[in-house]
Amino acid sequence: MESGGFLARRPEPCAAAADPDDGDARRGGWCAAFFLVVVGFLERIGFFGVQGNLMLYLTGPMAMSTAAAATAANTWGGTVLVLTLAGGLAADSSGLGRYRAVLVASALYLLSLGMLTVSSSSMAAQPATSPSSSIVVFYAALYLLALAQGFHTPCAEAFGADQFEREGDDDDDRGGGDARRRASRSSYFNWYHFSISWGYVISTTLLSYVDENVGWTVGFAACWATMVLYLAVFLLGTGTYRRAERPVIDGTAAARRAWTARFFFFFFSRNRKDAAEQLLETQEDEVVVVDGHGDGGKGFFLVKLLPIWLNSIVFAVVISQVSTLFTKQSSTMDRRIGGGGGGGGGLVLPSAGLQCLVSFTYIAVLPVYDRMVVPLARRVTGGGGGITMLQRIGAGMATACLAMVVAALVEARRLRVARDAGLVDRPDATVPMGVWWLVPQHVLVGVAEVLAVIGLEEFFYDQVAGELHSVGLAVSQGVMGVGSYASGALVAAIDWAMAARSGGGGESWFADDLNRAHLDYFYWLLAALAALEVAVFVYLAQRYDYKNKSKP
51 MESGGFLARR PEPCAAAADP DDGDARRGGW CAAFFLVVVG FLERIGFFGV
101 QGNLMLYLTG PMAMSTAAAA TAANTWGGTV LVLTLAGGLA ADSSGLGRYR
151 AVLVASALYL LSLGMLTVSS SSMAAQPATS PSSSIVVFYA ALYLLALAQG
201 FHTPCAEAFG ADQFEREGDD DDDRGGGDAR RRASRSSYFN WYHFSISWGY
251 VISTTLLSYV DENVGWTVGF AACWATMVLY LAVFLLGTGT YRRAERPVID
301 GTAAARRAWT ARFFFFFFSR NRKDAAEQLL ETQEDEVVVV DGHGDGGKGF
351 FLVKLLPIWL NSIVFAVVIS QVSTLFTKQS STMDRRIGGG GGGGGGLVLP
401 SAGLQCLVSF TYIAVLPVYD RMVVPLARRV TGGGGGITML QRIGAGMATA
451 CLAMVVAALV EARRLRVARD AGLVDRPDAT VPMGVWWLVP QHVLVGVAEV
501 LAVIGLEEFF YDQVAGELHS VGLAVSQGVM GVGSYASGAL VAAIDWAMAA
551 RSGGGGESWF ADDLNRAHLD YFYWLLAALA ALEVAVFVYL AQRYDYKNKS
601 KP
């Protein structure tokens with residue numbers, strides 16, 4: 051959690067290490083990481099230009115109900131993040147490597163976004179009777195896009211962090227190594243997210259406006275063009291990258307098959323602890339131990355991290371509401387900017403426009419956190435990092451709980467305003483309540499992400515062996531995918547339970563007419579679950595033993 055890097059008083063050399071006999075060591079550092087930061091920015095524009103507006107596309111051109119669209123969006127969002135594990139494993143368990151994994155991601159991005167553009171064009175040409183082939187192409191493109199994200203997310207970010215690593219570093223004794231490199235790597239995670247936050251801002255404002263006012267086809271085409279720039283920038287930085295990557299799997303086919311068998315054994319074994327130890331235990335001379343036993347190596351036991359990972363699912367459920375139910379809420383409210391009075395003048399904010407507030411929160415908070423909060427905490431505590439990774443994560447979870455409390459209170463007020471205005475049975479009418487009431491919950495979610503999402507990524511990256519950095523990041527990001535699945539399942543279960551209770555004639559918490567729905571009840575449920583999550587996390591964090599003893 052130390053700071054350093056972009057805003058450091060003294061410029062850091064391009065090389066992460068300066069061994070004159072090692073050509074690869076003369077590369078890396080901030081010069082190389084900068085290209086990955088820009089790549090992350092461009093990727094967010096292209097990818098989130100689709101994800102940020104998916105709910106509106108499904109309920110609009112695709113004519114799906116609110117509950118069905120929310121379930122479909124959450125299922126796809128879960129697939130997006132769960133596939134990061136596949137991408138991380140592909141990069142770390144074979145000769146593919148993180149550099150080539152990013153190239154694979156760029157090819158998949160160009161293919162999938164091109165297919166989305168063609169599909170949207172076909173639907174726009176025949177909106178009343180969209181051909182089934184266009185729908186098939188749409189869903190195929192959507193899940194190819196998820197696969198592209200699976201390769202990009204863990205591998206690009208981990209590849210950037212790798213620029214501050216040095217070949218031969220001992221993962222279990224990093225605390226005695228180069229403190230500046232560790233500080234720069236920690237700071238890199240903050241600035242990487244600072245950069246991609248600007249990508250979120252552009253996608254949720256400019257691209258949202260293009261989608262709703264110019265056309266979905268133009269919006270998808272703009273996403274495709276952004277990915278062309280993504281590939282160009284990544285290739286431009288090739289000469290600066292440290293690319294020495296040691297795959298976690300031995301190069302022989304036998305070792306490859308043995309590791310794959312262990313991976314599936316972990317998921318289907320009843321004894322998860324033994325399976326996890328056999329899956330990821332490593333030694334000095336052979337990365338995968340065939341007999342699963344060896345006490346002299348660099349052991350990383352997934353079972354040690356599993357409780358924290360499972361406990362984080364509730365946090366992920368809360369975060370997933372931003373691009374689904376928060377967006378649907380805003381579509382019912384007064385979104386005019388300027389114009390005043392009761393007229394129809396003024397610019398209308400896109401329904402997904404408030405999502406950019408999460409990104410603006412990143413942009414505002416991250417420099418303050420990295421350059422002020424961390425140094426101040428370091429002086430107060432006398433520790434090298436000031437704030438531990440688990441402290442940062444816990445603070446984020448508590449903030450997410452507060453966000454749900456605020457969201458429930460605001461939604462209860464929106465329902466009262468709708469009733470007082472006689473709009474209960476008028477779902478297409480605008481509720482006379484400014485969309486700005488939703489600002490606090492978006493900002494609180496942004497603060498929660500700054501603390502917990504980045505904290506989880508750094509934590510899982512740091513606590514795994516060096517050869518598994520992509521997998522570590524994939525595991526941390528995978529919890530967000532599981533959270534999206536859990537959110538969709540929770541919505542579907544509640545919707546089914548309410549229908550069963552009333553015999554199909556009652557009102558659902560997620561009714562298509564949001565003025566008859568009760569999203570506030572759902573938010574209160576999430577707040578209660580989040581409070582329980584914080585209590586459990588505190589218990590787990592107090593008993594967690596960091597892999598690097600010298601690390602706070």
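With the working numbering as the guide, the letters of the sequence shown map in order to residues 51 to 602.
All residues carry an ideal CB built from backbone N, CA and C; glycine is no exception.
It should be emphasised that the depicted structure is a prediction, and the values quoted were computed from it without experimental measurement.
Per the C-alpha coordinates, the member of Ala498, Pro417, Arg421 positioned closest to Ala450 is Ala498. For the set Phe510, Phe365, Ala402, Gly287, the Cα lying nearest the Cα of Arg385 is the one of Ala402. Beyond the five residues adjoining it in sequence on each side, Val430 comes within less than 8 Å, by CB distance, of Gly436 in the same chain, given in chain order. In this structure, the straight-line span from the alpha carbon of Val418 to that of Val493 is close to 15 Å.
Here the C-alpha atom of Asp475 lies approximately 42 Å from the C-alpha atom of Gly444.
In the DSSP assignment, Val481 falls within the beta strand (DSSP E) that extends over 481 to 484. Contact between the region 160 to 173 and the region 258 to 267 is present: 3 or more CB-CB pairs across the two stretches fall below 8 Å.
Within the same chain, and ignoring the five residues on either side of Ile413 in sequence, the residues whose Cβ sits closer than 8 Å to its Cβ are Phe244, Ser247, Trp248, Val251. Excluding sequence positions up to five before and after Met277, its CB lies within less than 7 Å of the CB of Gly96, Ser156, Tyr159, Leu160, Leu163, all in the same chain and listed in chain order. Taking the CA atoms as reference points, Tyr291 sits about 10 Å from Phe284. Here the C-alpha atom of Pro482 lies approximately 18 Å from the C-alpha atom of His568. DSSP places Arg386 in the strand class (E or B) of the three-state scheme. When DSSP reads this structure, Leu197 sits in no beta bridge, so it has no partner. Proximity of the region 122 to 132 to the region 104 to 113 meets the contact definition, three or more beta-carbon pairs being nearer than 8 Å. Distance from Asp420 to Ser237 at the Cβ level is roughly 6 Å; contact confirmed, criterion being Cβ atoms closer than 8 Å. The beta carbon of Ala196 lies closer than 7 Å to those of Trp126, Thr129, Val130, Leu133 in the same chain, with the five residues before and after it left out. The C-beta distance from Val529 to Ile363 rounds to 6 Å, short enough to meet the 8 Å contact threshold. Only residues of its own chain outside the window of five on either side were considered, and among them Thr382 have a CB closer than 6 Å to the CB of Leu564, listed in chain order. Ala211 is a Cβ neighbour of Arg235, given a cutoff of 7 Å. When DSSP states are grouped into helix, strand and coil, Leu397 belongs to the strand group. Distance between Leu540 and Ala191, taken at the CA atoms: about 26 Å.
Non-local C-beta neighbours of Trp559 in its own chain, meaning closer than 8 Å and more than five positions away in sequence, comprise Ile544, Asp545, Met548, Ala567, His568, Leu569, Tyr571, Phe572, ordered along the chain. Taking C-beta separations shorter than 6 Å and ignoring five residues to either side along the sequence, the partners of Ala140 in its chain run Leu146, following chain order.
By the neighbour-count criterion, in which a residue is buried when 16 or more other Cβ atoms sit within 10 angstroms of its Cβ, Met422 is exposed. Relative to the Cα of Tyr189, the nearest Cα in the group Ala82, Val100, Thr203, Ala453 belongs to Val100. The Cβ neighbour count for Gln592, taken over all protein chains shown within 10 Å, is under 16; the residue is labelled exposed.
Between Val368 and Met454, the gap from beta carbon to beta carbon is short of 7 Å.
The C-beta of Arg466 has fewer than 16 other C-beta atoms within 10 Å across all chains shown, which makes the residue exposed.
DSSP places Trp80 in the uninterrupted alpha helix (DSSP H) bounded by 79 to 101. Residue environment for Ser370: buried (at least 16 other C-beta atoms within 10 angstroms of its C-beta). Remark: C-beta atoms of Ala208 and Leu523 approach each other more closely than 7 Å.
Per DSSP, the unbroken alpha helix (DSSP H) holding Met447 starts and ends at 439 to 470.
Excluding five sequence positions before and after Trp359, the CB atoms of its chain that fall closer than 7 Å to its own CB belong to Val525, Val529, given in chain order. Here Arg566 carries a coil assignment [DSSP, helix/strand/coil]. The beta carbon of Val187 sits closer than 6 Å to the beta carbons of Met165, Ser169 from its chain, once the five residues preceding and following it are set aside; these are given in chain order.
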